[in-house]
Amino acid sequence: MKVLAENKKAYFNYQILEKFEAGIVLQGQEVKSIKTRGVNLAGSYAVIKDEELFWIGAKIPPYQPKNAPPNYETERSRKLLLRKKEIKRLIGKSKEKSLTLIPLRVYTKNARIKLEFGVAKGKRKVDKRELIKKREIERNIERELKLRG
Numbered sequence: 008m009k010v011l012a013e014n015k016k017a018y019f020n021y022q023i024l025e026k027f028e029a030g031i032v033l034q035g036q037e038v039k040s041i042k043t044r045g046v047n048l049a050g051s052y053a054v055i056k057d058e059e060l061f062w063i064g065a066k067i068p069p070y071q072p073k074n075a076p077p078n079y080e081t082e083r084s085r086k087l088l089l090r091k092k093e094i095k096r097l098i099g100k101s102k103e104k105s106l107t108l109i110p111l112r113v114y115t116k117n118a119r120i121k122l123e124f125g126v127a128k129g130k131r132k133v134d135k136r137e138l139i140k141k142r143e144i145e146r147n148i149e150r151e152l153k154l155r156g
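Following our numbering, the numbering of the sequence shown begins with 8 at its first residue and continues without gaps.
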């Protein structure tokens, strides 16, 4: 399993409640592009429309910019492949207050490109500040231990 892209900010901005793995419906050149250039997950999210899951806002650059088809869109919505049971579960979860579907990472599994996304709840500024303070205190403790040892 090779990780092609990761959304590190998601863990800071959101509290991940549950994770899911989904296949992605891609065009041929998009597969090559993701494997060589990667994909930008920042600002992307998943949405359920008519009992189907779509990935919106992901930027996949063209594989060969000069050779790209004239109608190629870098930010088009892409269909995600999940089992019906999982989709129905997600429909129930997404109806809950302030829960969103945030992509966490894109990786290859058995020569297929997969998307791991999480059911997430947004963190407040206070929670983020507490996390930053906690990290800073841990860094200071480590620094002191190194100086003494």
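Virtual Cβ for every residue (Gly too), placed ideally from N, Cα, C.
The model shown is predicted, which means the values in this text are computed figures rather than measured ones.
Proximity of residue 45 and residue 12 at Cβ, strictly below 8 Å:
Along the sequence shown, read from residue 1 onward, the residue named residue 45 stands at position 38. Along the sequence shown, read from residue 1 onward, the residue named residue 12 stands at position 5. Their beta carbons are under 8 Å apart, which means residue 45 touches residue 12 by this criterion.
What residue from 110, 104, 98 and 68 has the CA that sits closest to residue 30's CA?
For the purposes of this step, residue 30 is taken as the residue at position 23 of the sequence shown. The shortest C-alpha separation from residue 30 is found at 110.
Over what stretch of residues does the alpha helix (DSSP H) that includes residue 143 continue unbroken?
Within the sequence shown, residue 143 is the residue found at index 136, counting from 1. Residues 132 to 155.
Please report the residue range of the alpha helix (DSSP H) in which residue 97 lies.
Taking the sequence shown and counting its residues from 1, the one referred to as residue 97 is at position 90. 91 to 102 is the span of the alpha helix (DSSP H), which, as asked, contains residue 97.
Residues in the same chain with beta-carbon distance under 8 Å from residue 50, minus the five sequence neighbours each way, listed in chain order, please.
Residue numbering aside, residue 50 sits at position 43 when the sequence shown is read from its first letter. Cβ within range, chain order: 64.
If you reduce the DSSP assignment to three classes, tell me which class residue 126 lands in.
Numbered from 1 along the sequence shown, position 119 holds the residue referred to as residue 126. Residue state, collapsed to three classes: strand.
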